[in-house]
Amino acid sequence: MSKGELAPGTLEGWYALHQMVSVDWSRLRELGAGAEQVAGEAADLMGELASPAGVGWSAVYQLVGGGADLMFLHFRETLDELGAAELRLRRSRPGGYLRTEYDFTSVTEAGLYHATADAASRAAPRSKEYYRLLEEEAAVELASPHVKTRLYPEIPADMRYVSFYPMTKRRTHPDNWYALPVAERNLLMREHGLTGRTYAGRVFQVITGSTGLDDWEWGVTLFAKDPLEFKRIVTEMRYDVASTRYGEFGEFFTGFRLDPTALSDLLRPA
14 MSKGELAPGT LEGWYALHQM VSVDWSRLRE LGAGAEQVAG EAADLMGELA SPAGVGWSAV
74 YQLVGGGADL MFLHFRETLD ELGAAELRLR RSRPGGYLRT EYDFTSVTEA GLYHATADAA
134 SRAAPRSKEY YRLLEEEAAV ELASPHVKTR LYPEIPADMR YVSFYPMTKR RTHPDNWYAL
194 PVAERNLLMR EHGLTGRTYA GRVFQVITGS TGLDDWEWGV TLFAKDPLEF KRIVTEMRYD
254 VASTRYGEFG EFFTGFRLDP TALSDLLRPA
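Residues 14 to 283 (this note's numbering) are what the sequence shown spells out, left to right.
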């Protein structure tokens, strides 16, 4: 194929921003009694960000390890609204005591590997008929409650633990994911997805696409009631060929959700 292999169709939903920040504890301690006011303002700010005027939500997690203290996680309908949430935090008084260690910009994504492979088997790739078939199948997928949950995720109230990591598919010979026929990529992703489904009810997974938006190609955010589930699911999925041969992974960030009161308590220096 002169233009190379087919890119899979995708569906996108909310934009996402993961912010890993460290607290400047020394400056907070220097405030003395003033630190109480900063802590209270942080609680008020998180209450505001958690329920924006539009759609989406924000949450804050205390990180364990990872070179940072907190992860702020934001979902918004548009990139503009995501930028406004980021700026609201940076401009706030509590934000002046936070230092960004790492951040990740992406958008919730559902890959249409099966729909793309099916359309390519029924019409000439990149023909008008091919795109018509792909559009039809995308509409069916978009109507699925499961896909809507992936594109517009609600915060899993009963899953207070989080693990986030970025990843990319390998592009080096002989394991170049992008050189594989779309039908083969579809089969590998199906195997990968079936492994993940065995953790339904134990792990809630949000996949965000970041190609063209950040340095990696995807972000994976896992939520669970038991943090050991992160170890179990990541270990098992590493044995799927899609990861074994083709996956490359960045740094992992793990922690637990804080409500505004808990955030306020954390920012009160001992």
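Using N, Cα and C, we set each Cβ at its ideal position, and we do this for glycine too.
Quick check on the DSSP output: the beta strand (DSSP E) that includes residue i runs from which residue to which?
| i | result |
| --- | --- |
| GLY60 | Note, GLY60: premise wrong, no beta strand (DSSP E); alpha helix (DSSP H) at 47-63. |
| MET172 | Taken as a continuous stretch (DSSP letters only), MET172 belongs to no beta strand (DSSP E), as it is neither H nor E. |
| ARG281 | Premise fails: ARG281 is in no beta strand (DSSP E) and is neither H nor E. |
| LEU30 | 22-36 |
| ARG270 | 266-271 |
| GLU261 | 260-262 |
| GLY17 | Premise fails: GLY17 is in no beta strand (DSSP E) and is neither H nor E. |
| TRP229 | Where TRP229 is concerned, there is no enclosing beta strand (DSSP E), given that its DSSP letter is neither H nor E. |
What three-state label does DSSP hand residue i in the structure shown?
| i | result |
| --- | --- |
| PHE243 | helix |
| ASP131 | helix |
| ALA137 | coil |
| VAL68 | coil |
| ASP116 | strand |
| GLU90 | coil |
| ALA98 | helix |
| LEU41 | helix |
| ALA81 | coil |
| GLY109 | helix |
| GLU122 | strand |
What do you reckon, are the CB atoms on residue i and residue j nearer than 9 Å?
| i | j | result |
| --- | --- | --- |
| ALA213 | LEU164 | no |
| TYR252 | LEU201 | no |
| THR121 | PHE88 | yes |
| LEU226 | SER119 | yes |
| ARG101 | LEU155 | no |
| VAL219 | MET180 | no |
| LEU271 | TYR110 | no |
| LYS238 | ARG215 | yes |
| PRO21 | TYR126 | yes |
| TRP27 | GLY69 | yes |
| VAL34 | ASP82 | yes |
| PHE269 | ARG145 | no |
| THR185 | ALA29 | no |
| GLY204 | ALA132 | At residue 204 the sequence reads Glu, which differs from the Gly that was named. No, Cβ-Cβ distance for GLU204 and ALA132 is not below 9 Å. |
| TYR178 | PHE236 | no |
| VAL12 | LEU19 | Shown here, the chain extends from 14 to 283; a query on residue 12 therefore has no answer. |
| TYR115 | GLU264 | yes |
According to the neighbour-count rule (16 or more other Cβ atoms, all chains shown, within 10 Å of its Cβ), is residue i buried or exposed?
| i | result |
| --- | --- |
| GLY80 | exposed |
| ASP93 | exposed |
| ALA289 | Since the first residue of the chain shown is 14 and the last is 283, residue 289 is not available in this structure. |
| TYR191 | exposed |
| HIS159 | exposed |
| ARG198 | buried |
| GLU25 | exposed |
| GLY108 | buried |
| GLY67 | exposed |
| THR248 | exposed |
| GLU148 | exposed |
| LEU241 | exposed |
| VAL77 | exposed |
| VAL175 | buried |
| LYS182 | buried |
| THR257 | exposed |
What span of residues does the alpha helix (DSSP H) with residue i cover, start to end?
| i | result |
| --- | --- |
| THR257 | 254-257 |
Of all Cβ atoms in chain E, is any one closer than 9 Å to the Cβ of residue i?
| i | result |
| --- | --- |
| ALA66 | The displayed structure is made up of one protein chain only, and chain E is not part of it. |
Would you mind listing the alpha helix (DSSP H) stretches within the stretch 145-227 that are 4+ residues and don't spill past its ends, in chain order? 158-164, 195-210
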